Amino acid sequence: MKGVHTVCYAAVVLAVAAACSSFTSADSCDNLAPPLASHFLRYQFETSTNETWRQEVLAQLQRRRHNGPHLTHTDEDTWAGLLPRKALRKPDDEYNWDMIYRMIKHSSKDSKPPVGVLKEVSLHDVALDPDSVHGRAQQTNLNYLLTLDVDRLVWSFRNNSGLPSPGTPYGGWEDPTIELRGHFVGHYLSATAHMWASTQNDTVKARMDAVVAALAECQEKMQSGYLAAFPESFFDRFEAAQKVWAPYYTVHKIMAGLLDQYMLADDARALKMVSAMADYFYNRVQSLIAKQGIERHWASLVDEVGGMNDVLYRLYAQTGDEKHLTLAGLFEKPCFLAPLAARTDKLAGYHANTHLAVVVGINTGYEVVGDPHFKVTHRIADFFWVKVGGSFLTVTEKWNSGDTLTLELPMAPRLEALQDDRPEFAITQAVLFGPYLLAGLTEDDWAIKTGSGSVSDWLKPIPPSYNSHLIALTQAPNATQLALARAGGSVIMSELPGPGTNGSVHATFRLIVQGQDPSQPLASPKQALGKQVTIEPFDLPGTLLVHQGKEMSLTIAGAAGAGNASVFRLVRGLDGATETVSLESDSLTGCYVYSGSVEGVKLSCLLGDDISKKAASFVMRSGVSQYHDISFAATGPKRNYVMQPLQSLVDEFYNVYFDIQP
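Here it is as structure tokens:
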């Protein structure tokens, strides 16, 4: 039989190569029709009350489904015709082409997974520095996970299985009317498993255990191994090529979450549950193939199925159950993978979220199974990443000891439109710098004024030296640390915030020393003692702190019209303490920034007693917030924005989409 396997395997390669010129376009192999070209638009469709628009979309989808099968005629002949009928021994084995397909791809029983140089380090052995950017991000994620309620998460699962459903369900993707309901719960299981493995947090462990227990009750009530937040009829519609929103995509998330609970948290219940789900879908897919042929199954894969092949290969690595291996292979999409196997680039126009998961899955299959024949899938993955990643730089040189190589990767800012063709979003765009999505520090504004020039005309880089100019002005009356802060257009004293918060943004200012090149760093802000300075709010470039006259509150105004009211002289603190400074108005000698007023921070000229002098004295420390290394100032019609990579933010208010106005 081994010779038969080898011949069959060769037939696959030759047939694929012969058919590569006939492969269908991305439109007939992909899952996205133009009217529903994203999950966001699909959500809009599902929740819309505009019945006329919904009927137009349905008509377009129906025409698309009847324009031809998932595979072209040549593709079907190529794949279905590979069934080696002489190798079959029983009439009912014909539908079991999946088993033959597996035999072709891993004929060697002695195969072992490939052994690499690098080995994964267990999350249980890794702890992040809590003060690092990654540690703070992890804590933010943990805090979020702990806000989620178990009963609300599993509400639709209980409802679907006929169990009592206390509480109220979450909305959004988990709304009981949304067909993707349940997939967020799968993400939750994966997220909590990883979080617990890294932090050993007892509370998150108790929460995730409770979710797994609730899901186990739902699966037991269903009795078939099926587990989802929607009925099995969704898969009837999927197999009949009727409109349904990616049920396998959702099931993949649930299966992956349960498998993570087993692998990272050693929850044996979760392995039993995900195995039962795999057995259910194995029987379901076999039944479809038996009744309608394998071509019908391949055709159903035009819909998005997530990483079903990936999770099933991973499950097989834990169970050794051949059914799980077989089912994994049946989620490898021939019309997409066959051109890649023939090293033909047909990737243009494909939906990335659908097909990246398939490529990751076939590579997992190679890593798990290790059979030499499986190297074809490894080569497919290599070819895919080469085509997606583009060209690579090759440097050929004779290297000597002490040689250095410097690579400069030029990047430029660019705009990317919101993928929504509704007129109200026509000018809504994101700003990117190379691979970085830039977020603007703003609470309620999102307009940018571009003029007629290029992006670089209205998006200016913030020099790294500006971080040495950032200050916070603090006082400690009654042992409470307070800081000068912006509150809208006013200036107040508020409790000193920690970094990574919206308060830290408002309590940080840039000290601008008059007559000094702003690109030059300050060794210490106290270098400015005795000099004229202006003070710019951290998140409002182009504005300044200004006074409105004697005994009047301080406010924020545009630098262009601020005049002398924005200029102060930095002097030693009026309270006589060595560590304090005071801000004297340059235009009103003897008047100082003063915090002791119930109306807020003001300019006061009546500072005869020690209490008043203390209220006009501040400790000047480094800014609570800092500019990221990749920071820009963007020009808006009403205000300017600090733009920095989204990933650098912790809990600050921000916006990533802006109305770009000429």
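Residues -26 to -1, 1 to 636 (mature numbering (1 follows the signal peptide of the UniProt record, and there is no 0)) are what the sequence shown spells out, left to right.
In this text, a Cβ means the ideal position worked out from N, Cα and C, and glycines have one as well.
As the structure is a prediction and not an experimental result, all values here were calculated from the model.
Item                                                                                                                             : Value
Unbroken alpha helix (DSSP H) run spanning aspartate 431, endpoints                                                              : 429 to 432
The ligand FMN heavy atom lying under 7 Å from the CB of methionine 247                                                          : With respect to the ligand FMN, the structure offers nothing, as it holds no ligand at all.
Close-in-space but distant-in-sequence residues of the same chain around leucine 201 (CB under 7 Å, 5 per side omitted)          : Leu189, Cys192, Gln193, Ile228, Met247, Met251
For serine 274 and phenylalanine 209, the rounded distance between their alpha carbons                                           : 10 Å
Nearest neighbour of leucine 392, chosen from Leu383, Ala386, Ala404 [CA to CA]                                                  : Ala404
Minimum length 4: unbroken alpha helix (DSSP H) runs contained in the stretch 380 to 447                                         : 429 to 432
DSSP three-state assignment for residue 638, whether helix, strand or coil                                                       : Examination of residue 638 is not possible in this model, given that the chain is present from -26 through 636 alone.
Beta-carbon spacing of aspartate 277, valine 334 below 8 Å                                                                       : no
Residue interval of the beta strand (DSSP E) (run including glycine 532)                                                         : 529 to 532
The stretch 520 to 540 / the stretch 463 to 470 touching (three or more Cβ pairs under 8 Å)                                      : yes
CA-to-CA distance, proline 409 to tryptophan 219, given in whole angstroms                                                       : 30 Å
Counterpart residues of serine 172 in DSSP-defined beta bridges                                                                  : Its beta-bridge partners do not exist; DSSP assigns none.
Reduced DSSP category for glutamate 371 - H, G, I as helix; E, B as strand; rest coil                                            : coil
Nearest residue (CA-CA) to threonine 380, options Glu390, Ala608, Leu367, Arg388                                                 : Leu367
Strand pairing of arginine 132, partner residues [DSSP]                                                                          : Beta-bridge pairing links arginine 132 to no other residue.
Cutoff 6 Å; reference cysteine 579; Cβ partners in own chain excluding five residues on either side                              : Lys524, Gly564, Cys565
Straight-line gap, leucine 286 to glutamate 269 (C-alpha atoms, nearest Å)                                                       : 21 Å
Nonlocal neighbours in the same chain, by C-beta distance under 7 Å from residue 706, ignoring five residues either side         : The structure shown does not extend to residue 706, since the chain is modelled only from -26 through 636, so no value can be given for it.
The stretch 502 to 512 touching the stretch 470 to 485, judged by at least three CB pairs closer than 8 Å                        : yes
Distance between beta carbons of valine 555 and glycine 504, contact taken as under 8 Å                                          : Glycine 504 to valine 555, Cβ: 10 Å. No contact.
Cβ contact (3+ pairs, closer than 8 Å) linking the stretch 426 to 445 and the stretch 486 to 499                                 : yes
Within 8 Å, strictly: CB atoms of alanine 502 and threonine 517                                                                  : no
For tyrosine 290, the first and last residue of its enclosing alpha helix (DSSP H)                                               : 282 to 293
Of the listed residues Asp583, Leu233, Thr142, nearest to leucine 122 (C-alpha basis)                                            : Thr142
Beta-carbon contacts of serine 622 that lie in its chain and below 6 Å, excluding the five residues immediately before and after : His602
Unbroken stretches of the beta strand (DSSP E), 3 residues or longer, contained in the stretch 493 to 543                        : 506 to 511, 517 to 520, 529 to 532
Proximity below 8 Å, CB of serine 591 to CB of alanine 551                                                                       : yes
Assumed close pair glutamine 522, aspartate 560 - CB separation to whole angstroms, cut-off 8 Å                                  : Actually they do not touch by this definition, with Cβ atoms about 15 Å apart.
Test item: CB-CB of glycine 610 and serine 586 under 8 Å                                                                         : no
Inter-residue spacing [alpha-carbon to alpha-carbon] between histidine 298 and glutamine 112                                     : 34 Å
Burial state of aspartate 377, where buried means 16 or more other Cβ atoms lie within 10 Å                                      : exposed
Straight-line gap, serine 613 to aspartate 419 (C-alpha atoms, nearest Å)                                                        : The residue asked about is misnamed: residue 613 is arginine in this sequence, not serine. Approximately 8 Å between the Cα atoms of the pair.
Delimiting residues of the alpha helix (DSSP H) encompassing arginine 258                                                        : 242 to 266
Contact set for isoleucine 634: own chain, Cβ-Cβ below 7 Å, skip 5 residues either direction                                     : Leu389, Ile401, Gln403, Ile422, Thr424
Unbroken beta strand (DSSP E) run spanning leucine 557, endpoints                                                                : 554 to 559
Endpoints, alpha helix (DSSP H) assigned at leucine 456                                                                          : Segment 456 to 461 is the beta strand (DSSP E) holding leucine 456; no alpha helix (DSSP H) there.
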